[in-house]
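A.B. asks:
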Amino acid sequence: MLERVYQQVLKQAKREMGTGCDRDVWQWDTGVMFYGLVKAYEKSGDEEIYAFIKEWVDFHMGRKDFGFSINTTAPLLSVMKLLEREPENKAYYDVCKRFADWCLAEEPRADLGTFEHSCTVNKYPNQIWADTLFMGCLFLIKWGLYTGEQVYIREAIRQFELHYHFLKDANGLIYHGYDCNERAHKGIAWGRGNSWLAMAAIEVLNLLDKNTEGYDKILAIYHEHIGAALRFQAENGWWHTVIDREDTYLEMSATAAFGYSILRAVHTGFLDGTYLENAQKALNALKADVDADGCVLHGSIGTCVMEDYRAYNDVPFGYSCFMQGIAMMLLSEE
269 MLERVYQQVL KQAKREMGTG CDRDVWQWDT GVMFYGLVKA YEKSGDEEIY AFIKEWVDFH
329 MGRKDFGFSI NTTAPLLSVM KLLEREPENK AYYDVCKRFA DWCLAEEPRA DLGTFEHSCT
389 VNKYPNQIWA DTLFMGCLFL IKWGLYTGEQ VYIREAIRQF ELHYHFLKDA NGLIYHGYDC
449 NERAHKGIAW GRGNSWLAMA AIEVLNLLDK NTEGYDKILA IYHEHIGAAL RFQAENGWWH
509 TVIDREDTYL EMSATAAFGY SILRAVHTGF LDGTYLENAQ KALNALKADV DADGCVLHGS
569 IGTCVMEDYR AYNDVPFGYS CFMQGIAMML LSEE
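Heads up, the sequence shown is in my numbering, so the first residue is 269 and it goes up one at a time.
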């Protein structure tokens with residue numbers, strides 16, 4: 269199943285059919301897709317995957333068309349994989365350092381120094397979004413560990429604490445956003461938004477030494493948050509697009525992302541074996557949702573912060589490279 273999905277991704281991306289996965293675009297959605305390819309490569313050892321990641325990254329190294337935002341940090345997760353194998357490559361090192369330093373010194377800040385959810389064209393001034401933790405903070409942890417410079421790690425850990433502080437709801441889930449101008453939560457307990465936190469947190473916990481300052485805080489956030497999310501998993505293994513509303517549709521990106529987070533947590537000892545059934549249900553749901561060509565069928569398309577649950581429920585399903593990336597993450601953890 270994993271090979272079916274990643275082969276579909278390779279073929280689709282190479283065709284450049286304008287589905288939002290164009291190879292010319294350096295953005296968060298392609299970043300998530302390539303992180304899924306990194307996981308698929310680590311699982312399968314298929315050098316075709318590595319060669320494709322390198323081809324794509326090198327294309328953009330030549331163009332230098334990145335655009336600085338928290339969202340455009342996501343592709344650096346795949347650059348870090350290349351840098352592990354090719355530490356002498358100055359272009360890889362330089363782009364990672366430039367983005368990491370931009371995050372610390374130039375990334376727009378909201379209240380208490382929380383990363384604003386900036387886009388290349390900033391449409392969301394002074395807003396805090398759940399997406400930021402996966403798009404930017406995971407990279408900062410990886411970069412800090414690679415360079416040995418703790419300032420990046422400390423900032424990323426602080427961002428986890430701040431985001432949970434601002435976004436947390438009464439259930440232990442998180443709202444999609446927080447508007448610092450209005451001093452109010454925005455959106456609802458969106459499934460994929462919550463799963464960005466769940467995936468980012470378990471990745472970070474597996475990267476950090478447990479004696480790292482702030483590690484215990486991320487561990488506590490992870491357990492509180494994933495415990496809250498598990499209360500809303502449907503019997504068939506799926507999560508709803510609005511987690512705490514059963515009258516919204518069942519949605520695969522959140523389901524696969526939570527499944528990955530839980531399964532990885534069980535495999536690495538952050539959750540005990542009693543949670544394996546929850547992860548297996550999500551994995552089975554994903555497998556049933558992949559068609560013969562390797563496409564995931566019921567992932568919602570890109571979603572901005574919106575006013576109420578009805579608007580989230582109106583977001584349609586559609587093929588997306590980020591959905592394929594999340595699917596590869598879960599299938600690689602099997």
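Just so you know, even glycine gets a beta-carbon here, dropped at the ideal spot from N, CA and C.
Over the uninterrupted alpha helix (DSSP H) stretch that includes Q592, give me the two end residues.
C.D. replies: Its alpha helix (DSSP H) spans residues 589 to 601.
A.B. asks: Leaving aside the five residues before and after E602 along the sequence, list all residues of the same chain whose C-beta is less than 7 Å from its C-beta, in chain order.
C.D. replies: The answer, listed in chain order, is L551.
A.B. asks: Consult DSSP for G288 and reduce its assignment to one of helix, strand or coil.
C.D. replies: Legend: pLDDT at G288 = 48, less than 50; position of this residue unreliable, no value from coordinates given.
A.B. asks: Could you tell me which whole beta strand (DSSP E) segments of length 3 or greater appear in the stretch 397 to 459?
C.D. replies: Counting whole runs of 3 or more residues, the stretch 397 to 459 contains the beta strand (DSSP E) stretches 445 to 447, 452 to 454.
A.B. asks: Which runs of the beta strand (DSSP E), 3 residues or longer, sit entirely within the stretch 471 to 517?
C.D. replies: Fully enclosed beta strand (DSSP E) runs of 3 or longer: not present.
A.B. asks: For S568 and G586, I'd like the C-alpha separation in whole angstroms.
C.D. replies: Their Cα atoms are separated by approximately 6 Å.
A.B. asks: Counting only the same chain and skipping the five closest in sequence on each side, list residues whose C-beta sits under 7 Å from that of K279.
C.D. replies: So the list is empty, once near-sequence residues are dropped.
A.B. asks: Identify, in the order they occur along the chain, each residue of the same chain with its Cβ nearer than 6 Å to the Cβ of N474, setting aside the five sequence neighbours on each side.
C.D. replies: Closer than 6 Å at Cβ, skipping near neighbours: T536.
A.B. asks: Quick one: measure Cβ to Cβ for T664 and G459, integer angstroms, because I've assumed they're closer than 8 Å.
C.D. replies: Absent from the structure is residue 664, since the part of the chain shown begins at 269 and ends at 602.
A.B. asks: Between which two residues does the alpha helix (DSSP H) carrying E316 extend?
C.D. replies: That run of the alpha helix (DSSP H) goes 315 to 331.
A.B. asks: Under 8 Å: do the stretch 559 to 567 and the stretch 529 to 545 share three or more Cβ pairs, one atom per stretch?
C.D. replies: The stretch 559 to 567 is not in contact with the stretch 529 to 545.
A.B. asks: Beta-carbon of I489 versus every beta-carbon of chain C: anything under 8 Å?
C.D. replies: In summary, chain C is missing from the structure at hand, where a single protein chain is found.
A.B. asks: Do D297 and G570 count as a contact pair if the criterion is CB distance below 8 Å?
C.D. replies: Against a cut-off of 8 Å, the Cβ pair of D297 and G570 comes out as a contact.
A.B. asks: Report the three-state DSSP secondary structure of F367 (helix, strand or coil).
C.D. replies: Note: F367 maps to helix in three-state DSSP.
A.B. asks: May I ask which residues mark the beginning and end of the alpha helix (DSSP H) holding W296?
C.D. replies: Unbroken alpha helix (DSSP H) run through W296: 296 to 312.
A.B. asks: Would you tell me roughly how many angstroms separate the C-alpha atoms of F538 and L518, rounded to the nearest one?
C.D. replies: The alpha-carbon atoms of F538 and L518 are separated by roughly 27 Å.
A.B. asks: Please state the DSSP three-state secondary structure of V583.
C.D. replies: Reduced to three states, the DSSP call for V583 is coil.
A.B. asks: Would you check if the stretch 482 to 489 and the stretch 421 to 435 touch, i.e. whether three or more CB-CB distances between them fall below 8 Å?
C.D. replies: Yes, since at least three Cβ pairs between the stretch 421 to 435 and the stretch 482 to 489 fall closer than 8 Å, the two stretches touch.
A.B. asks: Please name the residue or residues paired with F383 in a DSSP beta bridge.
C.D. replies: DSSP lists R377 as partners of F383.
A.B. asks: DSSP three-state label for V347, please.
C.D. replies: In the structure shown, V347 sits in a helix (DSSP, three-state: H, G or I).
A.B. asks: Should the stretch 372 to 386 be called in touch with the stretch 343 to 359, which here means at least 3 C-beta pairs below 8 Å?
C.D. replies: Contact fails: fewer than three Cβ-Cβ distances are below 8 Å.
A.B. asks: Quick one: Cα of W507 to Cα of L435, how far?
C.D. replies: Between W507 and L435, the C-alpha separation is close to 19 Å.
A.B. asks: In angstroms, rounded to a whole number, what distance separates the CA positions of R331 and T341?
C.D. replies: R331 and T341: Cα-Cα distance of roughly 16 Å.
A.B. asks: Assuming V277 contacts M301 (C-beta within less than 8 Å), just tell me the rounded distance between them.
C.D. replies: Confirmed, about 6 Å.
A.B. asks: Sorted by chain position, which residues of the same chain lie with C-beta nearer than 7 Å to D399's C-beta, five sequence neighbours on each side aside?
C.D. replies: Excluding sequence neighbours, D399 sits near H385, G461, W464.
A.B. asks: For Q395, list the residues DSSP reports as bridge partners.
C.D. replies: Note: Q395 sits in a beta bridge opposite D447.
A.B. asks: Name the DSSP beta bridge partners of V277, please?
C.D. replies: Note: V277 sits in no beta bridge, so no partner.
A.B. asks: Please check the pair M596 and L270, which I expect to be a contact at CB under 8 Å, by giving their CB distance rounded to whole angstroms.
C.D. replies: Contact flag correct, Cβ pair sits at about 7 Å.
A.B. asks: Taking the continuous alpha helix (DSSP H) assigned at F538, which residues delimit it?
C.D. replies: No alpha helix (DSSP H) holds F538; DSSP gives it neither H nor E.
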